[in-house]
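Just so you know, we're using full-length UniProt numbering here: the sequence shown kicks off at 1 and counts up by one. Where a beta carbon is used, it is the ideal one built from N, C-alpha and C, also for glycine. One structure below.
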Amino acid sequence: MGTGEESRPDPSTEGPTSGEGAADGVRVAILAGGLSHERDVSLRSGRRVAAALRDQGLHVEVLDVDADLLPALERLRPDVVWPLVHGSTGEDGSLQDLLALLGLPFVGTAAAGCRLASRKPVAKAVLRAAGLPTPDYAALPQSLFREVGAQSVLRAVEDRLGLPLVVKPAGGGSALGVTVVSEASQLPGAMVACFAYGDEALIERRVDGTEVAVSVVDLGDGPRALPAVEIVTDGPYDYDARYNPGRSEYFVPARLDEAQTRTVGDLAVAVHRTLGLRHLSRTDMILEDAGTAWFLDINVAPGMTETSLFPQAAQADGPLDDLYVDIVRAALRG
Numbered sequence: 001m002g003t004g005e006e007s008r009p010d011p012s013t014e015g016p017t018s019g020e021g022a023a024d025g026v027r028v029a030i031l032a033g034g035l036s037h038e039r040d041v042s043l044r045s046g047r048r049v050a051a052a053l054r055d056q057g058l059h060v061e062v063l064d065v066d067a068d069l070l071p072a073l074e075r076l077r078p079d080v081v082w083p084l085v086h087g088s089t090g091e092d093g094s095l096q097d098l099l100a101l102l103g104l105p106f107v108g109t110a111a112a113g114c115r116l117a118s119r120k121p122v123a124k125a126v127l128r129a130a131g132l133p134t135p136d137y138a139a140l141p142q143s144l145f146r147e148v149g150a151q152s153v154l155r156a157v158e159d160r161l162g163l164p165l166v167v168k169p170a171g172g173g174s175a176l177g178v179t180v181v182s183e184a185s186q187l188p189g190a191m192v193a194c195f196a197y198g199d200e201a202l203i204e205r206r207v208d209g210t211e212v213a214v215s216v217v218d219l220g221d222g223p224r225a226l227p228a229v230e231i232v233t234d235g236p237y238d239y240d241a242r243y244n245p246g247r248s249e250y251f252v253p254a255r256l257d258e259a260q261t262r263t264v265g266d267l268a269v270a271v272h273r274t275l276g277l278r279h280l281s282r283t284d285m286i287l288e289d290a291g292t293a294w295f296l297d298i299n300v301a302p303g304m305t306e307t308s309l310f311p312q313a314a315q316a317d318g319p320l321d322d323l324y325v326d327i328v329r330a331a332l333r334g
């Protein structure tokens, strides 16, 4: 169910749903909203993608993920669905399984790949087993702190991983519940903030370097990296810095030399392939001065807002609207 009419996508305000060159009459249902903490970001992403596709003449309707979703899909009978629900059911494979049960082609990774990618500790374990660099970490559920004792657990974390650390929920995105811990006294508060967004914490050794996001597109001829986006922010790259213009500065393409550009692009493509992703993804990483690119996180449904990283990379590569249409056509092909 939705959380209120004021937050629901309103198809009547989304502009025309047809036009010349309507891509062979393709009907697209964009799924946005849902009940996760990232609902508002999802709504903004959905509206922007819908506008871009309509500008290219596709028939588009934006649907919320609530009790009206299945009747709406039955009424619309879309040729392809583009899930843009961030966090929880939007990226953990459950929504993708539902679309597969309904026999609807959809943009993005199938359920199995989503399950690997959406749980940060699982993704890190799979990628580390494949030989890809990711910082040392521990994944600890909230229940363990109650059973064993918080002080004992945190002491073990400090002894094994050292400081500084980054504490983040094992699932979800948009940097919600993420804290950079520079001193041991900050660690208990970081755990409390993390557990407000999930029952499992990923505690990761912090790596210093250049923060880079590399998006990947795969339209049927193999994955390729889009221009890297370098992120510079006044403080942590948190929710506010991501979605409120002015807090962060972006360099597209990133200010990297040829070898560094190849390194970050190769890592993003390797992550995409190793996790079995499809159509599009975005890998967040830190490039150390020594030259190693460290995997931090993978997004199978990257944000598409005005400050999001995937659209910035795509625009640096070519016309954004054309790429979105190509992604829809790739989903139609399977």
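Secondary structure note for Ala213: its beta strand (DSSP E) is the uninterrupted segment 210 to 218. Taking each of Val269, Glu230, Gly162 in turn and checking the Cα distance to Ser248, the smallest one comes out for Glu230. For the pair Ala29 and Val153, the Cα-to-Cα distance works out to about 46 Å. A direct Cα-Cα distance of roughly 9 Å separates Arg44 from Gly303. Under the 10 Å beta carbon count, Gln151 is surrounded by fewer than 16 other beta carbons and is classified as exposed.
Looking at the backbone, the Cα of Thr274 and that of Asp297 are separated by about 14 Å. Secondary structure at Val229: strand, using DSSP grouped into helix, strand and coil. Beta-bridge analysis with DSSP links Ala331 to no other residue. Annotation note: the segment 136 to 191 contains the following uninterrupted beta strand (DSSP E) runs of length 3 or greater, listed N- to C-terminal: 137 to 141, 165 to 169, 179 to 181. Between Gly113 and Gly276 a beta carbon distance of about 4 Å is seen, short of the 8 Å cut, so the two are scored as contacting.
Cβ-Cβ separation between Val216 and Pro223: approximately 5 Å, consistent with a contact (criterion under 8 Å). Contact between the segment 79 to 89 and the segment 32 to 42 is present: 3 or more CB-CB pairs across the two stretches fall below 8 Å. Counted as a single uninterrupted DSSP element, the beta strand (DSSP E) harbouring Val28 occupies residues 27 to 32. Inclusion of Ile327 and Leu219 in the CB contact set at 9 Å is warranted, their separation being smaller than that value. Look at Arg39 here: in three-state DSSP terms it is helix. DSSP, read as helix, strand or coil, puts Pro78 in coil. Glu204 is classed as buried because its beta carbon has at least 16 other beta carbons within 10 Å across all chains shown. Per DSSP, reduced to three states, the secondary structure at Arg282 is strand. Within the same chain, Cβ atoms closer than 7 Å to the Cβ of Pro164 are found at Val180, Val181, Ser182, Arg206, the five residues on either side in sequence being excluded.
With respect to the 9 Å criterion, Ala111 and Gln96 are classified as neighbours on the basis of their beta carbons. Sorting Glu306, Ala139, Val65 by C-alpha distance to the C-alpha of Leu31 places Val65 at the top. Cβ atoms of Ala301 and Glu61 stay farther apart than 8 Å, at about 18 Å. A distance below 6 Å between beta-carbons, with the five flanking residues on each side excluded, links Cys194 to the following residues of its chain, in chain order: Val167, Pro169, Gly177, Ala201. The beta-carbon separation of Val157 and Ala138, rounded to 6 Å, stays under the 8 Å limit for a contact. Shown here for Gln312: same chain residues with a beta carbon closer than 8 Å to its own, the five before and five after excluded, namely Val229, Tyr250, Val252 in chain order. Between the C-alpha atoms of Pro105 and Ala52 there is a straight-line separation of about 20 Å. The C-alpha of Ala72 is placed about 40 Å away from the C-alpha of Ser143.
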